[in-house]
Each structure stands twice: as structure tokens, then as C-alpha cells.
Amino acid sequence: MVSRTVKLGGTASDITVTPVAHGLMAMTWTPNPPDEEQCFASIKAGIDALPSGAKAF
């Protein structure tokens with residue numbers, strides 16, 4: 117689980133995000149991408165690892 121969060125600045129200062137990227141480019145930038153089911157499972161696992169109230173871009 118991701119435990120560190122950061123507040124954005126300026127007009128978005130009320131938004132809390134995590135400084136962690138999903139690293140999912142290999143799902144589309146490869147000659148043989150994984151199947152959609154595996155891709156969506158990876159995305160969901162990353163979102164589920166976020167602390168409560170944090171957002172992912």
C-alpha cells in the first residue's frame with residue numbers, strides 16, 4: 117500500500133495525490149501487449165493501493 121501523499125499547489129491545493137506512477141506504458145508500447153484482463157487488473161491493483169482520499173492521475 118502507498119502511504120505517502122502530497123498536496124498539489126496553486127488552485128489545486130485541495131487535491132491529495134500519491135507520488136507514485138503506475139508504470140503501465142508496457143501495456144501499449146510493445147509489439148505483444150498483455151491481454152486486456154491483465155491490464156485492467158494491474159490498473160485496479162494500483163488504484164486499490166492508494167490511501168483513502170488520495171487521487172491518481
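Under the numbering used here, the first residue of the sequence shown is numbered 117, with each subsequent residue one higher.
By construction, the Cβ of each residue, glycine as well, lies at the ideal position given by its N, Cα and C atoms.
Since this is a predicted model, take the numbers as computed values, not measurements.
Asked: Delimiting residues of the alpha helix (DSSP H) encompassing Ser119; Found: Careful: Ser119 lies outside any alpha helix (DSSP H) and carries neither H nor E.
Asked: Beta bridge counterpart(s) of Thr144 as assigned by DSSP; Found: Thr144 is not bridged to any residue.
Asked: Proximity below 8 angstroms, CB of Lys171 to CB of Val133; Found: yes
Asked: Run of the alpha helix (DSSP H) containing Ile159, from where it starts to where it stops; Found: 152–164
Asked: Thr134 - DSSP class collapsed to helix/strand/coil; Found: coil
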